[in-house]
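Same order as they appear, the protein sequences are chains E and S.
Taking our numbering, the leading residue of the first sequence gets 148, the next gets one more, and so forth.
Taking our numbering, the leading residue of the second sequence gets 436, the next gets one more, and so forth.
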Amino acid sequence: MLDTSDMDNAKSMSIIVTKGSLDWAYPPFILGTTAAAMDVDVTMFFTFYGLPLLKKELDLKFTPLGNAAMEMPMMGGHIAMPNIVGMLPGVGGMAGKMMKNLMKKKGVASIEDLREAAVESDVRIIACQMTLDLFEYDVNDMIDGVELGGAATYMETALKSDINLFI
Amino acid sequence: MADQMLDAKGLNCPLPILKAKKALKGMTAGQVLAIEATDPGSVADFAAFCSQTGNELLSQSSEGDVYKFEIKRS
């Protein structure tokens, strides 16, 4: 029943995930889950600030700080989020809540949902061992099924992949 | 006549595709999945999804704000 010749021809993609804020978490998870749905073998390598995206409990933050191009839809128009606003205490948390509310209203999946979809569709998830040591994370606080690896583990996969992304 | 129906109305990219893939996985070859979505991007995305996965896009139409697709599982 299982046609292995077909599997050998499967397309593959690797993504290096380096950023863990609410907004930056979306591109890798959207592309990873969609590629898996299109029968692509997907490997996601979580390193530096992307690594906390593997923690069992997520509380993703979002900040308009340093994002000069950011606009939020408001009252039929758009309002820019200047850096000065982002520097006020509490604005990061508020912006995160605003963004989550907006996403819910527009039917955008949560990162938790996308991550679950990635696990369900057998996306290979590698946590960077060096980042784990550096920032003193415990692999037991991470979701099940996470593989540990380093640069060589990534390279071995990337050299065989049709698409390699760094996000 | 569709064998299964998927209501993806109100869902945004990439949820209609992910839910369709999940539904197709549980079906057998030759069965037809009917999908209703409101995401305008789903028109291009279901065409791309089908051409890549080999599932056949039997029909695509729209009624008001609702986009309808029929996909035959390969």
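Even glycine gets a Cβ: it sits at the ideal position worked out from N, Cα and C.
Per-residue contacts from residue i into chain S (C-beta, under 8 Å)
i: residue 186(E); result: 487, 488
i: residue 264(E); result: 453
According to DSSP, residues forming a beta bridge with residue i
i: residue 491(S); result: 507(S)
i: residue 220(E); result: 225(E)
i: residue 258(E); result: Answer is none; residue 258(E) lacks a bridge partner.
Assumed close pair residue i, residue j - CB separation to whole angstroms, cut-off 8 Å
i: residue 163(E); j: residue 192(E); result: 5 Å
Amino acids of chain E, ordered along the chain, whose beta-carbon sits closer than 9 Å to that of residue i
i: residue 507(S); result: Chain E residues near residue 507(S): none, gap ~16 Å exceeds 9 Å.
i: residue 470(S); result: The premise fails here: residue 470(S) is roughly 13 Å from chain E at the closest Cβ pair, so nothing lies under 9 Å.
Proximity to residue i [Cα-Cα], best of the options
i: residue 446(S); options: 457(S), 471(S), 466(S), 440(S); result: 471(S)
i: residue 270(E); options: 176(E), 171(E), 222(E), 305(E); result: 176(E)
i: residue 166(E); options: 186(E), 160(E), 195(E); result: 195(E)
i: residue 492(S); options: 451(S), 509(S), 442(S); result: 509(S)
i: residue 260(E); options: 297(E), 181(E), 157(E); result: 181(E)
i: residue 214(E); options: 204(E), 171(E), 305(E); result: 171(E)
7 Å Cβ cut-off: residues of chain E touching residue i
i: residue 449(S); result: 177, 180, 181
Cut-off 6 Å between Cβ atoms - residues of its own chain near residue i, not counting five sequence neighbours on either side
i: residue 295(E); result: 274, 276
i: residue 503(S); result: 471, 496
i: residue 301(E); result: 192
Proximal residues of chain E, C-beta to C-beta of residue i below 8 Å
i: residue 504(S); result: Per Cβ cutoff of 8 Å: no residues; residue 504(S) is ~15 Å from chain E at best.
i: residue 484(S); result: 184, 185
i: residue 445(S); result: 254
Residue i CB to nearest heavy atom of the ligand ZN below 8 Å
i: residue 160(E); result: Ligands displayed in this structure: none; no statement on the ligand ZN is therefore possible.
CB contact below 9 Å: residue i versus chain A
i: residue 259(E); result: Here the protein chains are E and S, and chain A is not one of them.
Own chain residues within Cβ distance below 7 Å of residue i, not counting five before or after
i: residue 501(S); result: 444, 471, 473
Residues of its chain near residue i, where Cβ-Cβ distance is below 8 Å and the 5 sequence neighbours each way are ignored
i: residue 265(E); result: 176, 179, 180, 183, 189, 191, 272
i: residue 169(E); result: 207, 208, 209, 243, 246, 247, 258
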